[in-house]
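Colleague: The structure follows.
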Amino acid sequence: MRWCVSIGAVLFAGAMAGGDVASIAAPNTARQLTETTDSRPAVDIELILAVDVSYSMDMDELAIQREGYAQAIVSKEFLQALKTLPNGKVSVTYFEWAASSDQKIIIPWRLIDGPETADAVADEIMKTPVRRASRTSISGAIYFAMPLFDQDPYHGLRRVIDISGDGPNNNGAPVTGARDEALSKGITINGLPIMVKEPSYSTMDIDNLDYYYEDCVIGGPGSFVVSIKDREKFKEAIRTKLVLEVAGRTPERRVIPVAEKEPRVSCLIGEKIWQDRWGR
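Residues -17 to -1, 1 to 263 in mature numbering (1 follows the signal peptide of the UniProt record, and there is no 0) are what the sequence shown spells out, letter by letter.
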């Protein structure tokens, strides 16, 4: 089952700040591989952070996004969630994406097992210059992400791709095919749709981007969406999402289960807008 939650409506960061990570819903059991023949060192989760840097994101948003991930990784809520895990360890890689052929790894696989390693990863994220690029290919990001798990020097009990973006897929293969291939490999996809601006024709934004992410992008046991509709809550949303992912939990309050039905927003809406505008 998939879940969605708006950061504007669900403000449980205060509970987490007090260390009450257990107040979030019970852990999901996705890919709980307690026995494995894999010889790599074990971590509780292999987490890929796939971050949109398309031109529809303004420079301020890109900077806040970078800072949000860096601050989330060193936050007491994140480190508290880490302590609750059986191994107390996660492996993380961070890449930026735009068009189907444009992905750039910012942070190769890194182990986070406490404050010192968290600080090192956060510093790496902040040292790389912010960039922007053309087009939006969520499918390209998913296809790029999948083989990265094979390159991880650590073996996780769960594998998660965390995708943030402010628009629908408009380049490369359809997003649903990429999503379904990832799910067939036991990978969970979570989403962070960024909706802090009014939809604009010039940037190919759409109404209800959260619905699009819920119905067309995310999937896998315990998958969920945390939507950002308030610029002031940008960093809080990123922190909330990472804490939930690391803890292996889904949001508890005011959560709406997403039914398995026809998408409320066409999963090809981005491609259609591009075709209508540019004829290709």
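Note that beta-carbon positions come from the ideal geometry of N, C-alpha and C, so glycine has one too.
(1) At what residue ranges does the region 99 to 150 contain a whole run of the alpha helix (DSSP H), taking only runs of 4 or more?
(2) So, helix, strand or coil for V209, using DSSP?
(3) Given a threshold of 16 other Cβ atoms within 10 Å of its Cβ, counted over all protein chains shown, does D259 qualify as buried or as exposed?
(4) What are the partner residues of W257, as DSSP defines its beta bridges?
(5) Answer yes or no: do S74 and V34 have a C-beta to C-beta separation smaller than 7 Å?
(6) Given this structure, state the Cα-to-Cα distance separating I172 from A46, to the nearest angstrom.
(7) Can you tell me whether D190 is buried or exposed? The criterion is at least 16 other CB atoms within 10 Å of its CB, across all chains shown.
(8) Measuring only the C-alpha atoms, how far is P157 from S167?
(9) Taking its Cβ as the centre, do 16 or more other Cβ atoms sit within 10 Å of T111, making it buried, or is it exposed?
(10) Fully enclosed by the region 13 to 95, which beta strand (DSSP E) runs are 3 residues long or longer?
(11) State the Cα-Cα distance for the pair residue 345 and S22, rounded to the nearest angstrom.
(12) In angstroms, rounded to a whole number, what distance separates the CA positions of S122 and P151?
(13) Just to confirm, are A82 and N154 a CB contact at a threshold of 7 Å?
(14) What residue range does the alpha helix (DSSP H) around I221 cover?
(15) Going by Cα to Cα distance, which pick from K255, G202, M129 and R115 is closest to D85?
(16) Determine the burial state of residue 272: buried for a count of at least 16 other Cβ atoms within 10 Å of its Cβ, exposed for fewer.
(17) Can you tell me whether D149 is buried or exposed? The criterion is at least 16 other CB atoms within 10 Å of its CB, across all chains shown.
Modeller: According to the structure shown:
(1) 121 to 128 and 131 to 134
(2) strand
(3) exposed
(4) Note: W257 sits in no beta bridge, so no partner.
(5) no
(6) 24 Å
(7) exposed
(8) 16 Å
(9) exposed
(10) 25 to 35, 73 to 80 and 86 to 95
(11) Not covered by the structure: residue 345. The range shown for the chain is -17 to 263.
(12) 10 Å
(13) yes
(14) F217 to A230
(15) R115
(16) With the chain represented from -17 up to 263, any question about residue 272 goes unanswered, as that position is not in the structure.
(17) buried
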